[in-house]
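Residue numbers (my numbering), protein chains in the order written: chain A, 239 to 508; chain B, 654 to 966; chain C, 10 to 415. For glycine and all other residues, C-beta sits at the position ideal for the given N, C-alpha and C.
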C-alpha cells in the first residue's frame, strides 16, 4: 500500500549543522497493517513520518500510496489520502473554533470547501452520533470552543477527525506522548479500536515500548536515519519489551565500535 | 444631533474597514498594514471614476475589486516570496501611495455636485418629506441629505455584515477561520493555507477599499493622505467591540466590530467637542490601542501574583 | 518507619521504630536485602520501638529470612513488644525471637583497619594443581584448518575456555563457533549471533558435555587456594589484573588458573557474533567490517550482576605454551586469557565456599545472561579499562602444562 523507496533527506546540507536525517529508507507497508516505528531521539522516525505526510520533500527517492506517486505532492494535497494525529494535542484542532466546526473541516478533508452552510441540523446530529462513541460526554458540548477541552479530549477528537473520512493511510506521530498517563492509555485504546474497526492502514511513531508491543502488528526500529530492525508477523508476536531494549542496546553497542576499538580488538581478542 | 448623526455615519462607513480588518487580524491572524493604502485606493479610484462619469455604484464595486487585488498582492508577497507579513504590508502600502497619486493625478480630488450611492434614498426621503429639506428626528431637525446617507450606510453595513456572517459559516469560511487558528491542522485537513491567506487578505482589503469608496463619497473628497493611521483606528474599533460584546460566535464578533467602530467615532467626536486638539488624535488612539493590547497581560500577571500569594498564605 | 544499623562484633544490630505494615514493607525489605548484599549475614533487629507488625511486614521478614538461609545467615528480633511477640508466635515464627539486651551485643568501633587481610585467604588443598592442555589454538582472523578442529569432552573436574560449537561438523558459518567457558564440566556457550542468549550444557547423570572446539585451553584438577574479598573502604573495587596477580602470589607460581565468582562492578569484553569457518579466512579491514564479527560491550557491562570467570594468568617472562595469553595493559608484567559468564545476582555465603556447590547452584538457578571474552581496553582516553568486581570469591591453583601439548 505505502511504498517508500530509497528516500533520503539531509537537513542544512553543507553546513556545520548538517543532519542526515534519512539515509535511503526502503519500506513497504501492507494494506490494512498497523506498523509502529520506534527509535532513539534523532533516529529519524518522526522525519520519516513527516516525509510521508509531505511536511518536506525528500532529497531523493519515491513515496507511493497505492498506485499514486505522491513524492512531489504538497502536504495539503496528500491530506486526501492521509489522516494525521500529531504529538502536540493542540496541533490537530483549531482551539478557537467549536468542536462541531473542527469536525466539519475534517468531513471535507482533501475535498473542496463549497460556499454552502457548513453546519445544519442533520450534520450536527451525525457529528453528535460519532462523538458519542468516544464516551467522553463531548456530544453535549459540540458548540464549545475546542480550546476549553483537555489534551486527552482534544487528541481523541483529532483521532476521530483524522479517521472521519476513511484515510488510505493514518499517520500517528507520538500522539500520546504529551498526555498524562491515564489519557495516554485511553487514547492508545481508542487508537487500537478505531484502527481495527475501520481496518485502517496505520503508521505510528512512539516512544512507548509498551505501545509498540501492545498495539501494532509490525515494529520497525530506526537508528541514525536507517531501519535497523524489522519485527514482522510471527516474530512480532514473541517480542516483549526487554527484547526491544536489548535490540536498542545492541544497535548502540554496534555504534560504539569505532576505529580505535577495532584496532584494540584485532590486537587483544585472541 | 448633527454631530451624533455624523459620527454614526462615519462609524458605519468605517465599520466596513473594521469588518475587513476583522478578517485579516482576527480570522487569518495576519497583521496587515496594506489597509492604510487600500482605503485610500478605494477612495481615490471611486473619486476618479465618479468624476469621469461612472455610476457611484459601479465605482464602489470597482474600488472593492481594486482593494481585493491589492490584498491578494500582499498575500502573494507573503506566501509566494516568503516576505514577513508586516514587511509585505509595508511594501504594498508604500507602492499604493504612488499608485493612488497616479490614479488621482494629484494629491486630492473634490467630489462636488456628483452623484453618490445615497442618491436613491435621498430621492425617496425627499418625496416622503414632501419637499422639506429637514425632517425632525426625536424633535431635532435633521438634514435630509445626512439622513439619507445614514440610511444608506445602515443598509450597506447590514447587508455586508449579514453576507459576511453567512460566508464565514460556510465550509469555505470555516476553513478560512481555521487557517488563522492552526495552520498545521488546516494543512492536515487538505486545505491550501496559502490560498486561504491570499483570499482572506483580498476579501479584507476589498472591504477596506469599499469603506474608502463610501468615505470619499460621504466626505466629498479623496485625499492621498486619508489612509494614514486607519489601521490603528480599525484595530481600536475591533478592540472596543470585543470589550463591548465579547467574541463568542461569528455573529457577535461582527456585530461587535460594527458597534465598536460607531462607539469609537462617537468617542472621538465627543473628545474633539471637548477641545481635544485634532492633531493629537492619532497619538491618543495609539495610546489607547497600546493600553488595550497590554491590559490583558498586566491583568494576567497581576492575577498570577495574587494567586501565588494566596497559595502561600 | 526509621531504620538504623550499628555494626557489632559478629552481627548487624538494626534498630527499627514505627509500624511495619504494607506501606513500609517494600522499603524495609530493600534496606535489609542491601545489608545482605553488603555481606552482613547475621541480622539482629532491635524491635523495642516497633509498634505494629502486619501480615505484609511478616512477609517481608520471611523474604529476608529466606535470603539469609541461602547464605547460612541468621535473623533475630530482640526486645519485641507483646503485640509483635504474640503475632510472630501465632504465625509460627517464634524462632526468630531472642532474649538478648542490645547492650550485650558489643558495639565495635569504626576502626576496621585491624582486620587482617590474611584471614580471608584459605588454603584448600596444598598441592592441588590444574593441568592445562592446549586442545586447539586457532586464532581469530585466520582460516580455520581441519587439524585445529577437535571434539572435546569436559569432565567433572574440567575448567576450560575458548571458541567452540555444540554442533558436530565444520561447515562455515553454519558450524556456529562461539565463545565458551567451562566450570567443573558445566559448559556455557555464546551462540555467534547478535540476538541470542547463551546456551549451556550441564553434566547430568551419564551426560558428558562435549564441544567441537577450534580454540580451547582445557584445565583439569582442583583449586588450591580461596580468597574471599570485599571492599574495605567505600568504592573499593578489584580489577581483574589485581585478582590475577594475587592468584600468582597466593599459589606462588609462574602460571595460575583462577575462577572468580563475584558481584560485578562492570565487565569489559567482547564476543563473536559471526562464526569463523573453513572458507572464511577473513581479517576485518575496518571497524565497519569488524561490527559483523564481534560485539564489543561499549561500556562496562552487567553492573550488579554475578560474574563467574575462568582465566589463566602467566608471568610475562615465563613461556606461553598456547600463544593465547595476552599481555595486560593494567599490569604489563602479566599475560592472561579469561572468559566470563554472567548470572543474575544471588548473595554468596561468607567464609569458605565450595566451588563445585556454587557452580551447581548458579547453573541450576536463573539462566545466564551472557558470555564474554574479557579484555583490557587500553585505548588512550576512550579506553574502558579492565573488568572490575566488588565482592566475592576467587579460587586458584598453579598451572602445570600437559607435556604432550608443549
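Our two residues, residue 881 of chain B and residue 692 of chain B, have alpha carbons roughly 9 Å apart in a direct line. Chain B places no beta carbon closer than 8 Å to that of residue 243 of chain A, leaving this residue out of the contacts.
For residue 679 of chain B, the closest alpha carbon among the candidates B:900, B:804 and B:931 is that of B:900.
By the neighbour-count definition (other C-beta atoms within 10 Å, threshold 16), residue 237 of chain C is a buried residue. Collapsing the DSSP output to three states places residue 274 of chain C in a strand. Excluding its 5 nearest sequence neighbours in each direction, residue 347 of chain A has C-beta neighbours in its own chain below 6 Å: 317 and 403, listed in chain order. For residue 752 of chain B against residue 694 of chain B, the beta-carbon gap comes to about 7 Å, under 8 Å, which counts as contact. Only exposed fits residue 361 of chain C, as fewer than 16 other CB atoms lie within 10 angstroms of its CB. Contact annotation, residue 738 of chain B with residue 684 of chain B: C-beta distance approximately 6 Å; criterion of less than 8 Å satisfied.
In this structure the stretch 351 to 359 of chain A does not lie against the stretch 284 to 301 of chain A, because fewer than three pairs of beta carbons, one per stretch, are closer than 8 Å.
DSSP places residue 824 of chain B inside the alpha helix (DSSP H), whose first and last residues are 824 to 834. Non-local beta-carbon contacts of residue 922 of chain B in its own chain, meaning distances under 6 Å to residues more than five positions away in sequence, involve 656 and 660 in chain order. Shortest Cα-Cα distance from residue 374 of chain C to any of C:353, C:13 and C:365 involves C:353. Assignment of beta-bridge partners to residue 145 of chain C by DSSP yields C:225. The beta-carbon separation of residue 750 of chain B and residue 690 of chain B, rounded to 6 Å, stays under the 8 Å limit for a contact. Boundaries of the alpha helix (DSSP H) around residue 36 of chain C: 31 to 46. When C-alpha distances from residue 264 of chain A are compared across A:399, A:299, A:308 and A:276, the shortest belongs to A:299. Interface annotation, residue 497 of chain A: in contact with chain C, CB-CB separation under 8 Å. Considered as a whole, the stretch 80 to 114 of chain C harbours 83 to 87 as its complete beta strand (DSSP E) runs of no fewer than 3 residues, in chain order. At least one beta carbon of chain A lies nearer than 8 Å to the beta carbon of residue 831 of chain B.
Across the structure, residue 258 of chain C and residue 406 of chain C are spaced so that their CA atoms are roughly 11 Å apart.
Pairing residue 230 of chain C with residue 280 of chain A, the inter-Cα distance amounts to about 54 Å.
Sequence-ordered contacts of the stretch 392 to 421 of chain A with chain B are nonexistent [C-beta pairs closer than 7 Å]. DSSP places residue 259 of chain A in the uninterrupted beta strand (DSSP E) bounded by 257 to 267. DSSP places residue 773 of chain B outside any beta strand (DSSP E); the residue lies instead in the alpha helix (DSSP H), whose first and last residues are 772 to 781.
About 19 Å separates the beta carbon of residue 890 of chain B from that of residue 724 of chain B, a gap too long to meet the 8 Å contact definition.
Classified as buried, residue 402 of chain C has 16 or more neighbouring CB atoms from the shown chains inside 10 Å of its CB. Secondary structure of residue 445 of chain A (DSSP, three-state): coil. For residue 248 of chain A, there is no enclosing alpha helix (DSSP H); the enclosing beta strand (DSSP E) has its first and last residue at 240 to 249. By the rule that beta-carbons nearer than 8 Å mark a contact, residue 306 of chain C touches chain A. Annotation: the continuous beta strand (DSSP E) that includes residue 11 of chain C extends over 11 to 16.
Under the three-state reduction of DSSP output, residue 496 of chain A falls in the coil class, being neither helix nor strand.
Remark: C-beta atoms of residue 355 of chain C and residue 315 of chain C approach each other more closely than 8 Å. Contact residues of the stretch 832 to 859 of chain B toward chain A are 834, 835, 837, 838, 839, 840, 841, 842, 843, 844, 845 and 846 (C-beta to C-beta distance below 8 Å). Residue 163 of chain C is not a Cβ neighbour of residue 213 of chain C, given a cutoff of 8 Å. Within the stretch 349 to 368 of chain A, those residues whose Cβ lies closer than 9 Å to any Cβ of chain B are, in chain order, 349, 350, 351, 352, 353, 354, 355, 356 and 357.
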